[in-house]
Amino acid sequence: MYLQNLHLRQFRNYQDQKVEFTAAKTILVGNNAQGKSNLLEAVELLATLRSHRMARDRDLVREGEDIAQIHATLERQTGISDLALTLRRNGRRSVAINGESVRRQMDFLGVLNAVQFSSLDLDLVRGGPEGRRNWLDTLLIQLEPVYAHILQQYNHVLRQRNAFLKKNQDSARAKRPATALSAAMPAGLYSTQHSELAVWDAQLVTTGTRVIRRRDRAIQRLAPIAAAWHASISGSTEVLQINYLPSVPLEKSHPDEIQQAFLAKIQQRTSAELYRGTTLVGPHRDEVELTINQTPARQYGSQGQQRTLVLALKLAELQLIEEVVNEPPLLLLDDVLAELDPSRQNQLLDAIQDRFQTLITTTHLSSFDAQWLNSSQILFVEAGKILL
Ligand SMILES: Nc1ncnc2c1ncn2[C@@H]1O[C@H](COP(=O)(O)OP(=O)(O)OP(=O)(O)O)[C@@H](O)[C@H]1O
Ligand SMILES: [Mg+2]
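Here the numbering used here is used: position 131 in the sequence shown is 131, and no number is missing along the way.
Pasting the structure below:
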């Protein structure tokens, strides 16, 4: 797929900027804080409706404005599409394809695919489980856009169940001594509350099981591809393993069996949940474990080795998305090339070639190979403007 152009209006520090992409590789050069990452973020939003910077919509809209717009023309094998995303300070979003507004976000997702790679991705190795869950969810949204809807449903039920637990926390605490928490039946609840909880349990289990099964499938497909890239980059001396560790045991693969195991586990923890006032079991507590030579990657290696791991993950994402959607996705490289040593840089560039349209940000061009620069489009970014 090929992004032909992008038009940003009142987005971040851009007022009104059009960009035509004229080569498979575009390098955005500029000093710090000029708007390079902002431009990549706009493309990421069109692809996933998410920003890996975890920005709220009011941060995305230019200061002093109410509405930001991102427009793009995308060429795919199936034809050309016009994509439009409108962001509002109040958080309400609207999306349109070819001028027609699209009601469900999941119908907008999956038109443009992109893999984002920035220095923040090192947190995939070093940071906590939430970052890895977010990464996996963002990948899944692109592999199967319906996942966005499934995840939204789960989060909705989770919020409601948490609100219920919070509301009943004090009464449960008052009626039940903390020492008796391991018992199976949650005391301290009247039978009406008990039946309300049963409703939330059932919904949590059904929606949560959908999330778990999809995450499991995605990791099963991604893990061998990432391991192969990792072996190739590290020269086969290291073995990367990615394991999905759901908070509900996954020995059984039939959805009914997962649901039963899920329900059994929540029921075991209900007293503790009431005491703590929050849901303790479910995919919001999943972990994705990364190990190198059987050691947790966080402890395993040097920064360079951790970068190799993240590079392998990103190359695997590119390849998996390409396999699933049958077209090469875009690659957004935010300030990462300069951080890789020359051999890893070459591995990445060899893998991309001209197959994946790539947008690259950098503060200086000197880190790039001359031949590479010759075949790239170079855009200078200054204070929210692209200078040609
Ligand atoms: N909503 C907004 N309204 C106006 N300006 C904004 C908004 N959000 C971010 N900015 C500005 O955008 C600039 C940051 O842009 P960006 O992150 O793209 O920088 P960059 O060119 O990637 O820099 P670096 O090389 O440091 O990564 C900052 O000056 C910031 O104040
Ligand atoms: Mg930046």
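Heads up, the beta-carbon is just placed ideally off N, CA and C, and yes, glycines get one too.
What I want to know is whether the C-beta of residue i ends up closer than 6 Å to one or more non-hydrogen atoms of ligand 1.
{"i": "threonine 26", "result": "no"}
{"i": "arginine 56", "result": "no"}
{"i": "arginine 90", "result": "The sequence as given places asparagine at residue 90; arginine does not occur at that position. Because no heavy atom of ligand 1 lies under 6 Å away, the Cβ of asparagine 90 does not count as near it: no."}
{"i": "glycine 30", "result": "yes"}
{"i": "alanine 338", "result": "no"}
{"i": "asparagine 13", "result": "yes"}
{"i": "glutamate 130", "result": "no"}
{"i": "arginine 391", "result": "Past the boundaries of the shown model lies residue 391; the chain is included only from 1 to 388, so the question cannot be answered."}
{"i": "threonine 363", "result": "yes"}
{"i": "glutamate 44", "result": "no"}
{"i": "glutamine 34", "result": "yes"}
{"i": "arginine 93", "result": "no"}
{"i": "arginine 62", "result": "yes"}
Does the beta carbon of residue i fall short of 6 Å from some heavy atom of ligand 2?
{"i": "serine 37", "result": "yes"}
Could you name the residues that DSSP lists as bridge partners for residue i?
{"i": "histidine 194", "result": "Histidine 194 pairs with nothing; no bridge assigned."}
{"i": "asparagine 243", "result": "Glu289"}
{"i": "leucine 46", "result": "In DSSP, leucine 46 forms no bridge with anything."}
{"i": "arginine 298", "result": "None; arginine 298 has no bridge partner."}
{"i": "glutamine 116", "result": "Leu332"}
{"i": "isoleucine 97", "result": "Leu83 and Glu100"}
{"i": "threonine 358", "result": "Lys25 and Leu331"}
{"i": "glutamine 377", "result": "Thr26"}
{"i": "tyrosine 2", "result": "Glu75"}
{"i": "glutamate 389", "result": "Beyond the ends of the chain as shown, which are 1 and 388, falls residue 389; an answer cannot be given."}
{"i": "proline 9", "result": "Residue identity differs from the one stated: residue 9 is arginine in this sequence, not proline. DSSP, once it has assigned bridges, lists Asp16 and Gln69 as partnering arginine 9."}
Could you tell me the boundaries of the beta strand (DSSP E) in which residue i lies?
{"i": "serine 271", "result": "Per DSSP, serine 271 belongs to no beta strand (DSSP E); it is in the alpha helix (DSSP H), 255 to 276."}
{"i": "tyrosine 81", "result": "The residue you asked about is not tyrosine; residue 81 is serine in the sequence shown. Per DSSP, serine 81 belongs to the beta strand (DSSP E) from 79 to 88."}
{"i": "arginine 76", "result": "67 to 76"}
{"i": "aspartate 16", "result": "14 to 20"}
Locate the alpha helix (DSSP H) running through residue i, then write down its first and last residues.
{"i": "glutamine 317", "result": "In the sequence on display, residue 317 carries glutamate and not glutamine. Residues 303 to 325."}
{"i": "threonine 279", "result": "Where threonine 279 is concerned, there is no enclosing alpha helix (DSSP H), given that its DSSP letter is neither H nor E."}
{"i": "leucine 143", "result": "129 to 143"}
{"i": "leucine 60", "result": "57 to 60"}
{"i": "serine 343", "result": "342 to 352"}
{"i": "methionine 106", "result": "105 to 108"}
{"i": "arginine 126", "result": "123 to 126"}
Distance cutoff 7 Å, beta carbons only. Does residue i sit that close to anything in chain B?
{"i": "asparagine 162", "result": "Looking for chain B here will not work: only one protein chain is present."}
Next item on the list: Decide if the stretch 318 to 326 is in contact with the stretch 211 to 230; the criterion is three or more beta carbon pairs, one per stretch, under 8 Å apart.
Entry: yes
Notebook entry, point to check: Should the stretch 367 to 386 be called in touch with the stretch 149 to 163, which here means at least 3 C-beta pairs below 8 Å?
Noted result: no
Notebook entry, point to check: Do three or more CB pairs link the stretch 133 to 148 to the stretch 348 to 364 at distances below 8 Å?
Noted result: no
Next item on the list: Take every Cβ of the stretch 3 to 14, pair it with every Cβ of the stretch 59 to 79, and state whether three or more of those distances are shorter than 8 Å.
Entry: yes
Notebook entry, point to check: For the 8 Å Cβ check, are there 3 or more pairs between the stretch 299 to 319 and the stretch 332 to 347?
Noted result: yes
Margin query: Pairs of beta-carbons, one from the stretch 191 to 199 and one from the stretch 229 to 243, closer than 8 Å: are there three or more?
Written below: no
Note to self: I'd like to know if the stretch 95 to 113 and the stretch 43 to 54 are in contact, where contact means that at least 3 CB-CB pairs between them fall below 8 Å.
What the structure shows: yes
Check: Does the stretch 84 to 92 touch the stretch 59 to 71, meaning 3 or more C-beta pairs lie closer than 8 Å?
Finding: yes
Notebook entry, point to check: Does the count of Cβ pairs from the stretch 273 to 283 and the stretch 158 to 166 closer than 8 Å reach three?
Noted result: yes
Check: Does the stretch 252 to 271 come close enough to the stretch 291 to 311 to have 3 or more Cβ pairs within less than 8 Å?
Finding: no
Notebook entry, point to check: Should the stretch 26 to 41 be regarded as contacting the stretch 328 to 341, the criterion being three or more beta carbon pairs within less than 8 Å?
Noted result: yes
Check: Touch check for the stretch 203 to 216 and the stretch 260 to 268: three-plus C-beta pairs under 8 Å?
Finding: yes
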